[in-house]
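Chemist: Attaching a single structure in structure tokens format; questions to follow.
Protein chains: 2
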Amino acid sequence: MYNRLTSLLGIKYPIIQAGMVWNSGWKLASAVSNAGGLGLIGAGSMTPDLLNEHIIKCGKATKKPFGVNLPLMYSKVEQQIQVIIQNKVPIVFTSAGNPAIWTQILKNEGIIVAHVISSVKFALKAQDCGIDLLVAEGFEAGGHNGREETTTMVLVPLIKKISSVPIIAAGGIGSGEAMLAAFSLGADGVQVGSRFAACHESSSHIKFKQKIIDLHDGHTVLTLKELAPVRMIKNEFYRDLEKVYSKGADTKQLKHLLGKGRAKRGMFEGDLDQGELEIGQVSAQFESIQPAEKIVNHLICDFNHALIRIQPIE
Amino acid sequence: MYNRLTSLLGIKYPIIQAGMVWNSGWKLASAVSNAGGLGLIGAGSMTPDLLNEHIIKCGKATKKPFGVNLPLMYSKVEQQIQVIIQNKVPIVFTSAGNPAIWTQILKNEGIIVAHVISSVKFALKAQDCGIDLLVAEGFEAGGHNGREETTTMVLVPLIKKISSVPIIAAGGIGSGEAMLAAFSLGADGVQVGSRFAACHESSSHIKFKQKIIDLHDGHTVLTLKELAPVRMIKNEFYRDLEKVYSKGADTKQLKHLLGKGRAKRGMFEGDLDQGELEIGQVSAQFESIQPAEKIVNHLICDFNHALIRIQPIE
């Protein structure tokens, strides 16, 4: 085993595939787990029944450990947890919500529980709940994010300092070089989202995947801070948001414009103009849609090459 | 020589001390250069006469190379450049402005010219101007910053890919671990600002230095994006700005509230409530005010320790 993280999770490589809404079904999760990382099914976009189906299919597609990412803010979280427990999923990553309520319930079932945080305050709270792992997610990450806007470079060492549990760095990591950077900062592993969103096995629409590949720096933005901050592509929908903001929008107006189902419409159905396209800044670095296994292998290979390249300073 | 950056600049360690307004006078610059890094005098807060005085004093205080950081947006830039040329300063870091006008004038005098950028677009422009070095500065950095909000973790690899000149990473770097992270991402060196702002030799007010040490994550913000984006501490002045923003401020109102001399008032005169206190996110990591030499030695020592700690992944 490479380190305390891979030992705890029973995986070969310290690479976690982020459980992303509309991207991370059983195909992606099982492909990453089979490649030696940890695949996560993204429960945020699934009904309890659909989650059940994905867990069963994932278990048939891999003999390796896999997990579920569970946003805690949705109304069906209790039913989703029942599905997770019934299926004996060994690992759960919780996010977007209060870990105080569910952590011990999951742990009592022998489940390893990680929680995603974006600040020291929430890391301390999560530790108090008895969390096994912390995911320290920086400002550059795609999707839902913190209000403090602390970047991965700054956040990981802060969390390292106050934490006794293994730390997984997230945000801005889509290469072996960035993975090595995360380890330099004190991380025990990395969570990779955007790069897997644009991989063959992702369940998102091909138009969304191609859009991710075409992005440059400055093409994403952290917005909707008045509701729940989210990083997404600056598309036509975002321009509409900007117009509302320029007139001094209140949360009611923002909620009305956002409406329902925008994330599905964008990422799953491929409406690049009016959909909500959640992705990280790091997407500016990607050049092609690849299979998950190739991405995992590249990450490890480039990590090792970058490590050899750096010499001590005398 | 350690690498192409230290060779080009004639320095021992690939550490640049950022030339920060109201912080980086001859005392700080000479202390960092004497410690083996590259000290930069921050011309942005100096009249040409005062800059002349600081350059002469710095030259007396160190036999090692030092440079000047020159924001290009100020009205006295031509006179400042005359002072730099007359004093045969060997290295100039330009920032906040268009390098097209001044780069060749400086280079014709045999001066090595670096330019600070925050996006691929501006990096390409700077390269076209014949720049010798690029400073890739991420969103987390203190003071003036880019509009794209790209973090150091994401920006450095993007610049590395399109650049033929040595790259200095800036933003979020205040430790040897973060320095190693920057090298992992492809940087040839690092520019450290905040940590030197809070060091003994910084010319800023002791109250400002103590405030830096006391900061936690989430205590700084990138604001005034309608004028020139700047990262500063969320103090009383920032709360006043927020009030103006909440009413849908235009640039005229913002300029009026900002007024003149706020940065001096805050950082140099120690008005922590109503001054503009420019500092990076990384300040949340600092524990004490230290001498510059100790900081340089810590950076190198911790860089080497972090490098030894990381094992290849098999």
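As they're listed, the protein sequences go chains B and A.
Going by this note's numbering, the residue at position 250 of the first sequence is 238; the numbering climbs one at a time, nothing skipped.
Going by this note's numbering, the residue at position 49 of the second sequence is 37; the numbering climbs one at a time, nothing skipped.
Idealized CB from N, CA, C, for every residue including glycine.
(1) Could you tell me which chain A residues have their CB closer than 7 Å to the CB of Gly206(B), listed as they occur along the chain?
(2) Beta-carbon within less than 8 Å of Ser276(A)'s beta-carbon, same chain only, minus the 5 sequence neighbours each way: which residues are those?
(3) On a Cα-Cα basis, can you pick out the residue from Met167(A), Gly98(A), Phe225(A), Met61(A) that is closest to Ala88(A)?
(4) Against Val320(B), what residues of chain A qualify as contacts under a CB-to-CB distance less than 8 Å, listed in chain order?
(5) Give me the chain B residues within the contact set of Ile301(A), using Cβ-Cβ distance strictly less than 8 Å, ordered along the chain.
(6) To the nearest angstrom, how far is the alpha carbon of Gln67(A) from that of His103(A)?
(7) Sort out for me which residues DSSP pairs His132(A) with in a bridge.
(8) Suppose you measure from the CA of Val71(A) to the CA of Pro78(A); what does that come to, to the nearest Å?
(9) Taking the alpha-carbon positions, what's the Pro2(B) to Leu242(B) distance?
(10) In the stretch 166 to 177 of chain B, which residues sit with their C-beta less than 9 Å from some C-beta in chain A, listed in chain order?
(11) Determine whether the Cβ of Met141(A) lies closer than 8 Å to any Cβ atom of chain B.
(12) Would you please verify whether the beta carbon of Glu128(B) is less than 8 Å from any beta carbon of chain A?
(13) Suppose contacts are defined by Cβ-Cβ distances below 8 Å. Is Val144(B) in contact with Leu173(B) by that definition?
(14) Are any of the Cβ atoms in chain B nearer than 8 Å to that of Gln5(A)?
(15) Can you pull the chain A residues whose beta carbon is under 9 Å from the beta carbon of Gln273(B), in chain order?
(16) Unbroken beta strand (DSSP E) runs of length 3 or more, entirely within the stretch 96 to 128 of chain B: which are they?
(17) Give me the Cα-Cα distance between Phe225(B) and Lys231(B), rounded to the nearest whole angstrom.
(18) Count the other C-beta atoms from every protein chain shown that fall within 10 angstroms of the C-beta of Ser63(B), then say buried if there are 16 or more, exposed otherwise.
(19) Between the Cα of Ala84(B) and the Cα atoms of Val178(B), Asp259(B), Gly30(B), Gly160(B), which residue gives the shortest distance?
(20) For chain A, check one thing: does any of its Cβ atoms lie closer than 8 Å to the Cβ of Gln269(B)?
(21) Between the C-alpha atoms of Ser18(A) and Gly24(A), what's the straight-line distance to the nearest angstrom?
(22) For the stretch 96 to 116 of chain B against the stretch 131 to 138 of chain B, are there 3 or more C-beta pairs whose distance is under 8 Å?
(23) Using only the alpha-carbon positions, how far apart do His293(B) and Val123(B) sit?
(24) Strictly below 7 Å CB to CB, what residues from chain A border Leu295(B)?
(25) Gly13(B) CB to nearest chain A CB: under 8 Å?
(26) Return helix, strand or coil for Pro59(A), following the three-state DSSP convention.
(27) Near Trp10(B), which residues of its chain fall below 7 Å by C-beta distance, leaving aside the five closest residues on each side in sequence?
(28) Does Ile(-5)(A) have its Cβ less than 8 Å from a Cβ in chain B?
(29) Applying a beta-carbon distance threshold of less than 7 Å, which residues of chain A neighbour Gly318(B)?
(30) Counting only beta-carbon atoms, is Gly25(A) nearer than 8 Å to chain B?
(31) Measuring CA to CA, which of Phe184(B), Lys45(B), Arg297(B) is closest to Glu281(B)?
(32) Please report the straight-line C-alpha distance between Lys0(A) and Lys15(A), rounded to a whole angstrom.
(33) How is Glu266(B) classed by DSSP in three states: helix, strand or coil?
(34) Do Ile161(B) and Val142(B) have their C-beta atoms within less than 8 Å of each other?
(35) In three-state DSSP terms, what is Gln273(B)?
(36) CA-CA distance, Glu264(A) and Gly55(A)?
Modeler: According to the data block:
(1) In the first sequence, counting from the first residue as 1, residue 206(B) sits at position 218. Here the neighbours are Ser107, Glu136, Thr138.
(2) Sequence index remark: in the second sequence, residue 276(A) carries index 288 (1-based). Its chain contains Ile201 as the residues whose beta carbon lies nearer than 8 Å to that of Ser276(A), once the 5 sequence neighbours on both sides are disregarded; these appear in chain order.
(3) In the second sequence, counting from the first residue as 1, residue 88(A) sits at position 100. Measuring from the Cα of Ala88(A), the nearest candidate turns out to be Met61(A).
(4) Here chain B covers residues -11 to 302 and nothing more, so residue 320(B) does not appear.
(5) If you number the second sequence from 1, residue 301(A) lands on position 313. Ordered by position in chain B, the residues that pass the 8 Å Cβ test against Ile301(A) are Tyr(-10), Tyr1, Pro2, Ile288, Phe291, Asn292.
(6) To locate residue 67(A), count along the second sequence from 1; it is residue 79. To locate residue 103(A), count along the second sequence from 1; it is residue 115. Near 19 Å, if we compare the C-alpha coordinates of His103(A) and Gln67(A).
(7) Counting from 1 along the second sequence, the entry for residue 132(A) is found at position 144. As a beta-bridge residue in DSSP terms, His132(A) pairs with Val218(A).
(8) Position 83 of the second sequence holds residue 71(A). Position 90 of the second sequence holds residue 78(A). Approximately 12 Å, taken between the alpha carbons.
(9) Looking up residue 2(B) in the first sequence gives position 14. Looking up residue 242(B) in the first sequence gives position 254. Inter-residue distance for Pro2(B) and Leu242(B) is about 39 Å (C-alpha atoms, whole angstroms).
(10) Cβ contacts with chain A: Ala166, Met167, Leu168, Ala169, Ala170, Phe171, Ser172, Leu173, Gly174.
(11) Residue numbering aside, residue 141(A) sits at position 153 when the second sequence is read from its first letter. Interface residue, yes.
(12) As a first step, residue 128(B) is located in the first sequence; it is residue number 140 there, counting from the start. Closer than 8 Å: yes.
(13) Counting from one through the first sequence, the residue named residue 144(B) turns up at place 156. Counting from one through the first sequence, the residue named residue 173(B) turns up at place 185. Contact flag set, yes.
(14) Against the second sequence, residue 5(A) aligns to sequence position 17. No - not a single Cβ of chain B is within 8 Å of the one on Gln5(A).
(15) In the first sequence, residue 273(B) corresponds to position 285, counting from 1. Chain A residues near Gln273(B): Val142, Pro145, Leu146, Lys149.
(16) Qualifying beta strand (DSSP E) stretches, in chain order: 100 to 105, 121 to 125.
(17) Taking the first residue of the first sequence as position 1, residue 225(B) is located at position 237. Taking the first residue of the first sequence as position 1, residue 231(B) is located at position 243. Near 10 Å, if we compare the C-alpha coordinates of Lys231(B) and Phe225(B).
(18) Here residue 63(B) refers to the residue found at position 75 when the first sequence is read from its first residue. The residue is exposed, with fewer than 16 neighbouring Cβ atoms inside 10 Å.
(19) The sequence position of residue 84(B) within the first sequence is 96, counting from 1. When Val178(B), Asp259(B), Gly30(B), Gly160(B) are compared, the shortest CA-CA separation from Ala84(B) is found for Gly30(B).
(20) Here residue 269(B) refers to the residue found at position 281 when the first sequence is read from its first residue. By the rule that beta-carbons nearer than 8 Å mark a contact, Gln269(B) touches chain A.
(21) Within the second sequence, the letter at position 30 stands for residue 18(A). Within the second sequence, the letter at position 36 stands for residue 24(A). Using only the alpha carbons, I get a separation of about 10 Å.
(22) Contact holds: three or more Cβ-Cβ distances are below 8 Å.
(23) What you label residue 293(B) is simply residue 305 of the first sequence in a count that begins at 1. What you label residue 123(B) is simply residue 135 of the first sequence in a count that begins at 1. Between His293(B) and Val123(B), the alpha-carbon positions lie close to 25 Å from each other.
(24) Reading the first sequence from its first residue, position 307 is the one you call residue 295(B). Chain-order list of chain A residues neighbouring Leu295(B): Ile298, Pro300, by C-beta distance under 7 Å.
(25) On the first sequence, residue 13(B) is found 25 positions in, with the first residue counted as 1. Output row for Gly13(B): interface = no.
(26) Working through the second sequence from its first residue, we reach residue 59(A) at position 71. Pro59(A) falls in the strand class under three-state DSSP.
(27) Reading the first sequence from its first residue, position 22 is the one you call residue 10(B). Ser33, Ser191, Ser192, Ala251, Lys252, Met255, Phe256, listed in sequence order.
(28) As a first step, residue -5(A) must be located in the second sequence, where it is residue number 7. At residue -5(A) the sequence reads Ser, which differs from the Ile that was named. Chain B places no beta carbon closer than 8 Å to that of Ser(-5)(A), leaving this residue out of the contacts.
(29) With chain B represented from -11 up to 302, any question about residue 318(B) goes unanswered, as that position is not in the structure.
(30) Position 37 of the second sequence, counting from 1, holds the residue named residue 25(A). Interface with chain B (8 Å Cβ-Cβ cutoff): Gly25(A) is excluded.
(31) The sequence position of residue 281(B) within the first sequence is 293, counting from 1. Cα-wise, what sits closest to Glu281(B) is Phe184(B).
(32) In the second sequence, counting from the first residue as 1, residue 0(A) sits at position 12. In the second sequence, counting from the first residue as 1, residue 15(A) sits at position 27. Straight-line Cα distance between these residues: approximately 19 Å.
(33) Walking along the first sequence from the start, residue 266(B) turns up at place 278. Reduced to three states, the DSSP call for Glu266(B) is strand.
(34) As a position in the first sequence, residue 161(B) is number 173, starting the count at 1. As a position in the first sequence, residue 142(B) is number 154, starting the count at 1. In this structure, Ile161(B) lies away from Val142(B), with their beta-carbon atoms at least 8 Å apart.
(35) As a first step, residue 273(B) is located in the first sequence; it is residue number 285 there, counting from the start. Reduced to three states, the DSSP call for Gln273(B) is helix.
(36) Here residue 264(A) corresponds to residue number 276 of the second sequence, with the count starting at 1. Here residue 55(A) corresponds to residue number 67 of the second sequence, with the count starting at 1. Glu264(A) and Gly55(A) have their C-alpha atoms roughly 25 Å apart.
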